[in-house]
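Below is one structure; the comments refer to it alone.
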Ligand SMILES: Cc1cc2nc3c(=O)[nH]c(=O)nc-3n(C[C@H](O)[C@H](O)[C@H](O)COP(=O)(O)OP(=O)(O)OC[C@H]3O[C@@H](n4cnc5c(N)ncnc54)[C@H](O)[C@@H]3O)c2cc1C
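Residue numbers (my numbering): 41 to 513.
This is the structure in structure tokens:
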């Protein structure tokens with residue numbers, strides 16, 4: 041049976057899903073609210089770049105797009121930490137130097153995916169189509185053409201909401217009884233700035249080492265920079281919306297400059313367009329969206345940011361959305377004509393993973409803006425890499441599991457909690473042993489007491505383990 045699908049939204053996930061389902065024999069109708077980006081070319085759109093990692097690359101490979109995307113991507117095998125004094129320190133992400141995340145242009149990625157979808161014989165893409173209503177029972181979606189204001193009804197076997205973090209389809213589903221929804225706004229916003237290419241220097245045309253994700257961690261806020269193929273860097277300021285050091289407090293380029301001179305002094309000379317960027321570029325907001333269920337009537341289903349918008353600090357929003365596309369396609373293939381069963385299987389697979397990466401993304405914000413600057417963090421990463429080298433299967437650092445493997449996010453979260461607890465206990469144990477050893481050397485007259493001290497430590501150790509086990513259960 042030839043089945044039909046309407047995909048609302050021709051963003052990253054919508055386009056990739058269109059490619060997959062077309063190749064699986066579906067008739068695919070993609071409807072996008074915005075205009076056709078092909079008319080504007082690669083240069084159009086926002087300059088945002090994204091970090092794509094193993095999960096995203098795997099999904100792109102499946103569509104035959106990995107090579108095309110990697111052609112213009114820049115490898116980032118680690119973070120470059122910038123201190124207030126301007127010193128730079130490189131931290132490799134993984135023990136394996138071949139592991140790297142890739143900086144890619146978001147608009148170029150979207151365009152490549154759109155072109156791939158449009159090249160499929162079973163795919164039709166219509167622009168300026170805004171989804172305004174859906175009726176799951178009849179499989180009907182209603183769109184308004186933003187140019188002509190005409191309404192059209194589209195009927196399909198499957199309706200996919202891939203319309204992003206502020207999904208209209210999800211908004212419609214929210215009106216249904218039993219639909220749980222929460223949105224958690226981050227107290228921080230973001231603003232993009234540019235570091236321009238240079239004509240001379242060690243990394244020309246790049247003003248800094250291009251093979252790193254640059255971070256200026258400043259406690260409650262930070263700036264990051266990702267390289268672009270033209271030699272520029274897209275910087276993103278993550279500052280609180282209000283209060284001390286916030287966008288509200290530091291408004292206007294003059295105030296921005298004064299703040300940069302204090303906190304990001306090494307970056308300021310690399311930003312000749314600072315004043316224009318600071319004044320013109322808007323402050324964006326970030327949120328975590330959780331909802332349940334992701335589907336309605338066994339026919340309508342959410343995917344990508346529409347189902348689970350997350351904050352960008354693990355660089356996984358698009359990667360997770362691409363995994364959704366794979367999961368839904370596989371579930372539809374596995375369940376044949378039973379679309380409702382396929383949707384249930386997809387939700388079962390993805391919901392727990394979306395919740396896990398949402399949690400890890402929030403935690404990673406604190407790590408990036410605050411902990412990366414500390415010596416303790418550096419030692420912890422070194423210890424992680426050492427443990428991974430000793431036992432590559434048993435101990436895998438969280439960053440490796442999330443960015444360089446396809447281990448389900450929920451499993452990665454669980455395993456990393458276990459590993460951290462184990463490392464903490466091992467550290468306490470080693471410190472206790474060292475103390476007893478030192479005591480034996482310093483005060484040999486108390487040798488007899490060592491056995492009783494060791495027994496006390498063993499007792500504390502067992503209690504510690506027992507409490508840990510109770511806490512986990
Ligand atoms: C600052 C920032 C940095 C990020 N960095 C990373 C990163 O490094 N790595 C990473 O993996 N992810 C990153 N992300 C997340 C990533 O951008 C998203 O997860 C990804 O774009 C989600 O894809 P999507 O297709 O679900 O949504 P989108 O890409 O947002 O696409 C949704 C599409 O639906 C269309 N649409 C909306 N409403 C309607 C409607 N009513 N009718 C029809 N069409 C509609 C929109 O026009 C759009 O084309 C970042 C996000 C932000 C904000």
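Think of the CB as a built atom: it goes at the ideal place given N, C-alpha and C, for glycine as much as any other residue.
Quantities reported herein were computed from a predicted structural model and do not represent experimental measurements.
Exercise. Report the rounded CA-to-CA distance for residue 412 versus residue 138, giving the unit in angstroms.
Key: 22 Å
Quiz item: Exposed or buried, which one is residue 365 when buried takes at least 16 other CB atoms within 10 Å?
Solution: By the 10 Å Cβ count, residue 365 comes out buried.
Quiz item: Does the beta-carbon distance from residue 262 to residue 408 come in below 8 Å?
Solution: With respect to residue 408, residue 262 sits close: the two C-beta atoms are nearer than 8 Å.
Practice problem: Within its chain, find whatever has a CB closer than 8 Å to the CB of residue 228; leave out the 5 residues flanking it on each side and keep chain order. | Solution: Within the same chain, 261, 278, 279, 280, 281, 326 and 405 come within 8 Å of residue 228 by CB-CB distance, once the 5 residues on both sides are set aside.
Practice problem: Would you kindly work out how many angstroms separate the C-alpha atoms of residue 79 and residue 435, rounded to a whole number? | Solution: 49 Å
Self-check item: Spatial distance of residue 146 from residue 89 (CA atoms)
Solution: 5 Å
Exercise. Answer yes or no: the CB of residue 331 versus the heavy atoms of ligand 1, is any distance below 7 Å?
Key: no
Quiz item: If you compare alpha carbons, which of 505, 170, 295 and 395 is closest to residue 75?
Solution: Closest by C-alpha distance to residue 75, out of 505, 170, 295 and 395, is 170.
Quiz item: Between 359, 313, 334 and 287, which lies nearest to residue 324 when the distance is taken from Cα to Cα?
Solution: Residue 324 has its Cα closest to that of 287, out of 359, 313, 334 and 287.
Exercise. In the DSSP assignment, find the beta strand (DSSP E) that holds residue 231 and state where it starts and stops.
Key: 220 to 235
Quiz item: Cα separation between residue 143 and residue 294?
Solution: 31 Å
Quiz item: Between which two residues does the alpha helix (DSSP H) carrying residue 425 extend?
Solution: Looking at the DSSP string, the run of the alpha helix (DSSP H) that includes residue 425 is 415 to 430.
Practice problem: Counting only the same chain and skipping the five closest in sequence on each side, list residues whose C-beta sits under 7 Å from that of residue 373. | Solution: Counting only Cβ-Cβ distances below 7 Å, and skipping sequence neighbours, we find 64.
Self-check item: Neighbourhood of residue 178 by C-beta, 8 Å cutoff - its chain only, sequence neighbours within 5 removed
Solution: 195
Exercise. Could you tell me which residues DSSP puts in a beta bridge with residue 253?
Key: 119
Practice problem: Please work out which residues of its chain come closer than 6 Å, Cβ to Cβ, to residue 310, disregarding the five sequence neighbours upstream and downstream, and give them in chain order. | Solution: 235 and 247
Quiz item: Quick one: is the Cβ of residue 11 within less than 7 Å of any heavy atom of ligand 1?
Solution: Given a span of 41 to 513 for the chain in the structure shown, any question on residue 11 remains unanswerable.
Quiz prompt | Continuous alpha helix (DSSP H) stretch holding residue 303: start and end | solution = 293 to 303
Quiz prompt | residue 150 burial status per 10 Å Cβ neighbour count (16 or more: buried) | solution = buried
Quiz prompt | Proximity test, residue 365 beta-carbon vs ligand 1 heavy atom, cut-off 7 Å | solution = no
Quiz prompt | Assigned secondary structure, residue 459 (DSSP; H/G/I helix, E/B strand, else coil) | solution = Three-state DSSP puts residue 459 in a helix.
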